[in-house]
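*Asks:* If you're matching positions, the sequence shown starts at 542 in the working numbering and goes up one per residue. Have a look at this one.
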Amino acid sequence: MSLEESLAKLREASAGKIPEEIRMKMGKATQDLRESGIMDGIIKVGDKLPSFNLPNSKGEMVSSDELLAKGNLVVTIYRGHW
542 MSLEESLAKL REASAGKIPE EIRMKMGKAT QDLRESGIMD GIIKVGDKLP
592 SFNLPNSKGE MVSSDELLAK GNLVVTIYRG HW
């Protein structure tokens, strides 16, 4: 199953658990963001990222250039701190 298929399945499953009023607000907020132009500046599949330095999961700074010198690079963003 592809990522898109998995996400669609997850959306379908959660839709029944979220009250209609909340789903409508979420949908409107999503549409408002799209119409604001915020999506124009996002990185898309195939885009080349600028060089960056970020902390890894251990808090150590890593350089994208150093990692790319070793091969392909996968970036995972952790949303939140736990």
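Think of the CB as a built atom: it goes at the ideal place given N, C-alpha and C, for glycine as much as any other residue. Owing to the predicted nature of the structure, the values given are computational and were not obtained by experimental measurement.
When the distance is taken between beta carbons, is R564 closer than 8 Å to A570?
*Replies:* Not a contact, by the Cβ cut-off of 8 Å.
*Asks:* Express the C-alpha separation of L551 and S543 in angstroms, rounding to a whole number.
*Replies:* C-alpha separation (whole angstroms): 12 Å.
*Asks:* Give the C-beta separation of S577 and S592 to the nearest angstrom, bearing in mind that I take them to be a contact with Cβ-Cβ under 8 Å.
*Replies:* The pair is not a contact, with the Cβ atoms about 28 Å apart (cut-off 8 Å).
*Asks:* Enumerated in chain order, which unbroken segments of the alpha helix (DSSP H) with a length of 4 residues or greater are wholly contained in the stretch 543-581?
*Replies:* 544-556, 561-577, all fully within the stretch 543-581.
*Asks:* Distance check for M580 and D588, CA to CA, integer angstroms please.
*Replies:* Whole-angstrom Cα-Cα distance: 14 Å.
*Asks:* DSSP three-state label for L595, please.
*Replies:* Three-state DSSP puts L595 in a strand.
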